[in-house]
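J.: Mind looking over this structure? Questions follow.
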Amino acid sequence: MGSGRGIPGPKEIAEWRTGNTCRCGCYPAIAKAILEAAAQANH
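FYI, the numbering used here numbers position 7 of the sequence shown as 8, with every residue one higher than the one before it.
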């Protein structure tokens, strides 16, 4: 997002959060929210 490259994939999202890991287990929900926001931004 903001890079002009379109909707990010799961691998790219995982790379963005590298180094920022906690034990809460919220990452699947965060990744889903990123994908949904990117899809809405592209419409």
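Just so it is clear, CB atoms sit at the ideal spot from N, CA and C, and this is done for glycine as well. Because the structure is a prediction, the values reported are computed rather than measured.
Using the Cα positions of L36 and I14, report the straight-line distance between them to the nearest angstrom.
T.: Roughly 9 Å between the two C-alpha positions.
J.: Rounding to the nearest angstrom, what Cα-Cα distance links P9 and G26 in this structure?
T.: Using only the alpha carbons, I get a separation of about 21 Å.
J.: If you draw a straight line from the C-alpha of P29 to the C-alpha of A42, how long is it?
T.: P29 and A42: Cα-Cα distance of roughly 20 Å.
J.: What separation, rounded to the nearest whole angstrom, lies between the Cα atoms of E16 and I31?
T.: Their backbone Cα atoms lie some 13 Å apart in a straight line.
J.: Going by DSSP, what residue range makes up the alpha helix (DSSP H) through P11?
T.: Note, P11: alpha helix (DSSP H), 11-17.
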